[in-house]
Every structure is written in C-alpha cells, then in structure tokens.
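Structure record follows, encoded as structure tokens.
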Amino acid sequence: MLIRRSTRFHFPLRTVRLCQTGRSDDLPMDSRDVSPVVHQIAGIVLSEDPGVPLEDSLSAAGVAIDAEVAETVLKRCLKAPVSALRFFDWVGRRPGFRHTAETYNSMIHIAGEARDFDLVKDLLARMDTESVKADVKTWTTVVSQYGKAGLLGGALLSFEKMRSCGVEADEAVYSSLVRALCEGKKIELALEFYREMAFKGMKLDEYVYRLLMTGLAGSGDVGSVRSIADDMAKVAGMTEYAVNSSMLKSFCVSGRMEEALELVWEIRTKNVCIDNQQVQILVDGLCRAGRIDDALEFVGEVEKENVSVGTSVYESLIDSYSKRGNILIARELLDNWKKLGFIPSISLYTTVIQRLFCLNEYAEACKLYEEMKANGIEPDVVAVTALVAGHVRHGYISEALEVFEGMKSKGLKPTRKAYSVFINELCKASETEVARKVFDEMRGCGLGVGNELSRLARKSMDDRKLCMTTKEIKLKMNAYRVRNQEIQRKQADLATNSSFSHEDVDGLLPVRSSEMSSNELHQLSSSEFDQAGNECFNEGDLMEVTGLLSSSCDWTDIQDALEKSGIHFSSSLVVEILHNCRRHGSAAMKFFSWVARKPGYQHTVETYNMAIKIAGSGKDFKYMRMLFEEMEGKGCEATADTWTIMLTQYGRAGLTKMALQKFKEMKAGKCKPKGSTYKYLILFLCERKGRNVDEAIKLSRKMIRAGFTPDKELAETYLLCLCETENLTEARAFVESVCRKCFTSQISYSMLVKALCRAGRLEEAASLVDELENLGCVIDQYIYGSLVHGLLRGGKHDDALAKVGKMKEEGIVPTVHVYTSLISYYFKTKQMENVAKILGEMREDGCPPSIITYCTLIRGYMDEGRVIDAWSVFRMMKLKGPFPDFKTYSMFITCLCKVGRSEEGLQLLHEMIETGIVPSTVNFRTVFYGLNREGKPDLARSVLQVKWALMRSRKCWL
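Going by UniProt numbering, the first residue of the sequence shown is number 1, and it counts up by one from there.
See the structure below:
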C-alpha cells in the first residue's frame, strides 16, 4: 500500500493495569508501567516475518490488552496500515475487549494517511454498528484526511454528516476544512466557511489565515484580504507586525505586486519600521514577477532609512539577475556586497559560476571559484559539479577529471546527478572513451543509471566508435543479470541431484558485474543475450499463479502459497501473469512487488510496462508515476511503448492535459514517438471528454511529418471531431492531402460524408455527395447508410425513406447500419408495426443484427414499457451473440432503474462483474439512487459494499 509520509506519533505511556476490558478510566494510578508490553506488541505488529501469521504471533504473546494500550500501539503503526488493520481486527475479536472512539480515531487516521477512504467509510459504519459514538476528533480526522488527499467532495460530505449527527464543529474541524478548500483552489467556498466560523468567534492559525488570504488575493478580492487581516488582529489577537507580514506575503505569493507595494507604503507612512523579513518578502515577490530593477530600487530606499538589510536579500537579487542573464549587474552587486564585508553563500557562488560558464566567461568563472575557496568556503558536490561541467564545456577534459577525482579524495561522494551531468557534458564534447569510464565508475558505485546510457548513445550516434561502446555498455548492464538467472535455474536442477561436487557449486555462485572481466563481457554476444531474454515458461505455472491471484484469499495466504510453490519466475512469465490478472490490480501489484525481491529475478521494461498499464487502468496515477520513476532508477530505459501506455491511461480518464504533458516530457527526453503514440493521443483529444481540437490538429500534422499515416479508426474519429467543431476546411484538406494517400478515394470521401452526417451537417454532406462523381467515386451502400442515418436524426423521415427506396432501385442492399437507423426512428415515433417489418426485412436479406441493433431494440422496448421483450432480446444476445458489452449493460441498467426496476439493475451489475466487465461509478450510482427511490435502503447499501469491494480489488496500493 502506498503510504503518504507523515510524522510518526510519539505519546507518553500512562501506567495502567492490563485487563481484558476496554476501559481504563477506573484503573488505579499505582498500576505498573505497560511500556514493555506496548513495545512487545508493536514489535510483533511491525515485524515482517512471512513464516508466522500476525494473529498467531499476537495470540502467542499471551498478554491482555485494554483500549488505551491498543490505541498507543496503533499510533506506532502509522506507516504500516495493513498490519495496523489486522491488529485492530484481531484485538476487536478478543473476549471482553471493546473498541473506543480513541482506537477508531487512530485507525481512521492510519487509513486516511494510506489514502484508503473505502476503509475510512467502513470504519465509520462499524462505529455506528458497534454504538461507538463518533466525536468531534473523529470528524476532524476524517475531514482533514479527505482534504489532504484533495477529495473536497468527501470532506464536505463528512462535514455535513457530522452536523446531521448532532456533533458541533469546533475550530479544528473548520480549520481543516478551510485549509483543504484553499489548497483545492475553492476559495469562494473556503471564504463562506471562514465567515461562518468567524461569526461563532473561532479563529484560524497563522498559516491557514495566510493560505486563505493568498487565495483571495489571487482571485482579486483585495477587500476580503483586508477584512481577514482585521480579524487576525481583533479575533486572533495577532500583533500588527504579524498581520502585516501575512498580508504582504499573500499579495507577493499571488503576484499582486501593486497591492503589496501599496501595503508597504502604508506601513512606512505610519512611522512603523519595516524590518528585514518584510523586505525579504517584498524583494522575493518582485523578483518572481520579473521586476528585479524595482526590487533593487526598493532595497536602496530602505537602506537610506537605516534599515538593516540581511544577506538573504542581496542573495535574492544577485540570484535573480544571474538567472535572467544580467550577469554584469549580478557581478557588480556581488563586488559591492563583498566590499561591505559580507561573504556570499556557497549556493550563490555556484549560481553565478554556472551563469558565467554559460556565457563563455570561462576565466571569470574559474577566478570566482578560487575566490570562493580563498574566503574559506569549502566547495560542496554541487559547486564542484558546476566547475567540472564548465571545464568540459570549454574543452579542458584533464582539468575536469582532476577536479572530479579531487572531490572524492576530499571525502565528497559524487551523487547520481553529478555523474549524470559529467557524462552528458562529455557526450556533448564527443569524449566517448572518458564518458564510458565515468559511466562504468558510476555503475560500480551502485547508483541507478537511469537514462544516461540512452543519452550517451543518442547524442553521439554519428560516431561509429561510440556505437560500439554503447553496445558494450548494454552488454555490461545485462550480462551479469542474465548469467545469474541462468545460475539460479541450474542450482534448482542440481538441488535434486546428490551426485555433484563442491566445485560444481562454486561454479554456480552468482557473479557481480564488477567481477566480470572484459573478456567475459565480450564473449557474451548479443545473440546469446537475445536467446536468454526470450525465456520460456510452463503453462501450468502460469495457470497456478493466475488462479491464486484471482482468488479472494488474503494476500498473506497467497504469498505463503507462492513461496511454497517453488516456481521459477522469469520476466516473460511475470508479464503473462500480470496480463491475466490485470482486473485484480491490488493482488497483481502485490505480486509485482513480491517477485522483485526474489533472488536472481529482475524486472524488465516489459514487466514495468504491464504494471504501469494496470495501475493506470485502476486510475491510480500516483502509483503509476512511482512505477515509472522506479523503472528509470533501476536502469530500465523507458521506451516509446512505456510513454504511450502512460499517456493512454491519462487520455482514457479524460485527463488530456496530463497526456499532453507526458507527450512533451517524452519528446524532451529524446524518446521518439511511435505511430501508435500519435494515434491514441489524437483519439483522446477528439473525445468529448477532454476535447482539445487545436492540439489534435497540431499533432495530426506532426504525425504526418514524422512519416506515420492514420488508420481508419483514427481518420474517422478525427474527421468527426473536425466536423462537430465546424473545422470543415481542415477536414476537407485532411481527406485530400492525407486520407487519399492511405485509402482509396471511395473510402476517403465515404468517411467524410459519414462524419458530416453524424455531426448534423446535412447540407454539406449532400453537397459533397453531388461532387462524388467528379471525384471518381460512386454512391455505395455505406454512403447511403450515412445519409439515411443523418436524415433520420435530423427528423427528415420522408427524405430518408426516399434514399432507402433509391438504394433498392439501384440494386444496393441496405446495410445493418441503415436498418438500425430505421428501427431507432420507428421506436421514437411509436411505429411498432414498422419495427417488426424492418426486422422481417433484415431476416429476408440475410442481414444479421449488430450489437448496436440489439441495444436499439432493448432501449426501444424499455421506452415502450415492454420490459419482458427487452429481457428477451438481452437473453438472445447472450445465447446467440454478439455478447453484451459495457455500453449494453450500462444502457439496460439505466433503463431498468428509470422505470422502477432497480433490483433487476442490481442483478445486471453483479452479472457484469462475473463476466469480467468493470462497472463504472455512474452504473453504481444509478442503481444506488434507484433502490433508494424505491424504498429499498438495505439493497442500496449492498450496492456500496459491492462497489467498495471491487475498488479494493483493483487498487494498486501495496
């Protein structure tokens, strides 16, 4: 399970008597200290002994636990939510023990920190069942955790539930809610709750006050900022200095610099001295806003008033001028500052040195570096790395190596970033041999190589010598992993054979990459590597593990079974297991983490790709990003497929902005997009949810320039999007310049006619049809089908029937698309006899109904109140095919709930899950509301339980 970082609880242990009851308020004060017992129990709960179940270890401890001890143990298990929950359940089942509000509060806090809000809801429900009254601390914890997770709807709903339970909100609850709303950019709502608490005489802490004022300042509500500042003074009793500083910071952070300057002018006109901290706030704000000259002028003014300006103010000015390329002013300020007796910090020296190197002021940068050392400032890793990069950039390779080695001799350990910068600069300078040596040294230090190898290869692709070096590095990275996996296999074979010598065992010991000689590395050819990579696996092993992970067993039991199975896990087997268990995200990700710890096994790009896909399909984007970072950190280079999977998962959720951001990161990382990358990104940009037509047009042009051509699915979706958004000229140009190169003219213009008709552009479609003969095309059954569908949707029934008649006159058999459109129209106009007639014609023409035809029949019968007929059609689909898909189930569930048959909708919901189709949130909500409307709250609650169970099975938290 992914755990959010938080401060561990530290609570003093009271002396209480161990007893079997859950009460401790009647215990005598002279009871013995229970600290050893708490340490013992917490040690058991936090232990990771896979051989002994936690419950057995706790029972074997032989100690009795009261509610206060249980609460303290839980507070020590904040970062182990799974173990904490098992302890919580175990102690709750102990004879005579009864959970209190305090133990529930601790468990709710742990679940909230782990972002398991289904468990939070479950715990609240259990409190109600066990008649444990939720106190104000309970609701404060719930609201705060929802707010931290950015789930503002949950926070607001919990606040309302608290009120409905008769619990009066205190300052802590209000403060948590206002803070969550401010961090979620819901400033107007935050202001409403603030006014409500202010009316009750409650106050916020200084941080939340400043957060609220910053949000209001950003929205331009300066009057409310001033009003809150008055409350800080009058209600919260803060000093005028604290109020002014908070208000000034809120203006500066939100970019309202005019208001910030006006406030400073007010402070100075009141003969109140402005101090260094306030000067720092204003200078930082002006520098962020690009008004560095104004900041410098302001500093000059306050210096004339004998205000002591701290070193951090000067550092901000010099740093800002340096980063914006005004190095001359930065140097002048630095020199003047040193004349006043100030010594710059090492970070400031480093910034200026880096800028001097970038501006080709090599001599000045080296001089400043030596000056820094002369002033008694010992360079750190960042400063040394900046000097090394500067040396390489200007061709002084030997000096760079000398400085880099000197850093290590002084006890400074180069970081991954330092190595990365050094390697990249060497690549730019075409110093391939030196880059290879530094790379080997980096790998030998045990640092993750990330994308350094790929950069090394790409940036010097034109150098044939480097191409050979790149291959050698790849072999070095993979040789020892492949060999160790082979050794693992041989050891397993020899384990059953007693007739082998100690020499045999010694020959099978795993080899570290650093211990392999260069001859051994060169002997491992690429063909041998490819052969080792294509590992086969036993189908029985695949079925066994898939069955375990797909079961409803607890992970502890599954893990025990996996440990005892003795299965050798290869990367190809793991990929297949993850693929088969992709609908069981929680179990799949726990398996992914478990198998990574197996001796001799190492995840590959393919296994990471599948894991990222599973995490994204469960909408656990945080875990998906974590897997991606872990993948790079362990030396698995992200491929175009990896990036495509990530942006596809964002696109499916409608998060097209995130998908575009990942596409930009992909190109910035020098990873070349594939045709499928462009395709899926354009498809999602054309969907109604998250639509961005301008970006879709730009990407389609880039796709063509990159040499990729659209397939039929992409072309149809893209043309429909252009027609719906009135980009008709772009659509026509796309057909004439692109589609005709990939498809025949007939297919190209057929797709355009279809898009125009679906977008309701019937006049443009008719005009295009008139041109078809001149364009070398004919009006075939597909074009007729598009026209009939468009005319019926536009209410032009007579024209549509005329087209159908013309089709038959020309000997063109109507398609299932045409028949389905007619059926839909007749249902809408209540012409049931014509529906039967059309179905008869379909049978006569040998035209089998499609899944869309069946859906149209089900919807039409439901609208007519003929539920039995709708069920008959649905059962026929399951019997003869095509089998109902997600859209069919969703449509039928909605229709059933609409006519007061929500129990049947619940039946379909269970059927979806059994057939492997995951219901959406809308499906659950439709059935839940329907059952409540029909007065069946117990069944409605069961819907929520099914939903929570499904979400738990798909979550990727470990």
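Note that CB positions come from ideal geometry on N, CA and C, so glycine has one too.
Small disclaimer: the values here were computed from a predicted structure and weren't measured.
Answer with buried or exposed for residue i, where buried requires no fewer than 16 other C-beta atoms within 10 angstroms of its C-beta.
i       : result
Lys-410 : exposed
Asn-244 : buried
Lys-182 : Lys is not the amino acid found at residue 182; the sequence shown has Cys there. By the neighbour-count rule (16 or more Cβ atoms within 10 Å), Cys-182 is buried.
Thr-140 : buried
Ala-940 : buried
Ala-836 : exposed
Phe-924 : buried
Met-543 : exposed
Pro-848 : exposed
Ala-733 : exposed
Ala-706 : exposed
Phe-892 : buried
Looking at the structure shown, is residue i part of a helix, part of a strand, or coil, going by DSSP?
i           : result
Gln-40      : helix
residue 960 : The requested residue 960 is not part of the displayed model; the chain covers only 1 to 958.
Thr-915     : coil
Gly-930     : helix
Gly-290     : coil
Ile-343     : coil
Arg-583     : coil
Ala-759     : coil
Gly-547     : helix
Ala-64      : coil
Tyr-241     : helix
Asn-276     : helix
Met-202     : coil
His-568     : coil
Ala-236     : coil
Tyr-825     : helix
What does the alpha-carbon distance come out to for the pair residue i and residue j?
i       : j       : result
Arg-256 : Ala-217 : 7 Å
Leu-177 : Pro-414 : 44 Å
Thr-815 : Tyr-784 : 9 Å
Val-63  : Val-173 : 37 Å
Phe-87  : Val-38  : 13 Å
Ile-3   : Arg-115 : The pLDDT assigned to Ile-3 is 39, lower than 50, so where the model puts this residue is not dependable; a value taken from the coordinates is nonetheless given after this. Answer to the nearest angstrom: the Cα atoms are 8 Å apart.
Val-482 : Asn-538 : For Val-482, the predicted structure reports a pLDDT of 44, less than 50, and the residue's modelled location is therefore unreliable. The matter cannot be settled from this model.
Val-605 : Ser-551 : 27 Å
Ser-224 : Ala-236 : 16 Å
Val-384 : Met-658 : 36 Å
Val-313 : Ala-374 : 24 Å
Pro-673 : Gly-690 : 21 Å
Tyr-104 : Thr-915 : 37 Å
Asp-128 : Val-91  : 18 Å
Met-832 : Leu-722 : 36 Å
Terminal residues of the continuous alpha helix (DSSP H) containing residue i?
i       : result
Ile-645 : 640–652
Pro-884 : Element bounds for Pro-884: n/a, residue is neither H nor E.
Leu-78  : Per DSSP, Leu-78 belongs to no alpha helix (DSSP H) and is neither H nor E.
Lys-413 : No alpha helix (DSSP H) holds Lys-413; DSSP gives it neither H nor E.
Tyr-602 : The identity of residue 602 in the sequence shown is Gln, whereas the question assumes Tyr. Per DSSP, Gln-602 belongs to no alpha helix (DSSP H) and is neither H nor E.
Phe-193 : 187–199
Asn-834 : 832–844
Arg-393 : 381–393
Leu-660 : 656–668
Ile-812 : Ile-812 -> no alpha helix (DSSP H), and no H or E assigned at all.
Met-879 : The sequence as given places Leu at residue 879; Met does not occur at that position. From DSSP, the alpha helix (DSSP H) with Leu-879 extends over 867–880.
Asn-105 : 101–113
Arg-98  : Taken as a continuous stretch (DSSP letters only), Arg-98 belongs to no alpha helix (DSSP H), as it is neither H nor E.
Say whether chain B places a C-beta atom closer than 9 Å to the C-beta of residue i.
i       : result
Thr-639 : This model lacks chain B altogether, as it is built from one protein chain only.
The region 328–336 / the region 298–312 touching (three or more Cβ pairs under 8 Å): no
Under 8 Å: do the region 642–650 and the region 610–628 share three or more Cβ pairs, one atom per stretch? By the C-beta criterion, the region 642–650 is judged to be in contact with the region 610–628, since at least 3 inter-stretch pairs fall below 8 Å.
Any chance the region 236–255 sits against the region 202–221, with 3 or more Cβ pairs inside 8 Å? In short, these stretches touch, since the Cβ pair count reaches three.
Below 8 Å, how does it come out for the region 278–292 and the region 259–267: are there three or more Cβ pairs, yes or no? yes
Pairs of beta-carbons, one from the region 559–577 and one from the region 65–73, closer than 8 Å: are there three or more? no
Whether or not the region 709–725 and the region 673–687 are in contact is what I'm after, with contact meaning three or more pairs of Cβ atoms, one per stretch, closer than 8 Å; do they touch? By the criterion of at least three beta-carbon pairs nearer than 8 Å, the region 673–687 is in contact with the region 709–725.
May I ask you to verify whether the region 929–936 touches the region 892–911, counting CB pairs closer than 8 Å and requiring at least 3? yes
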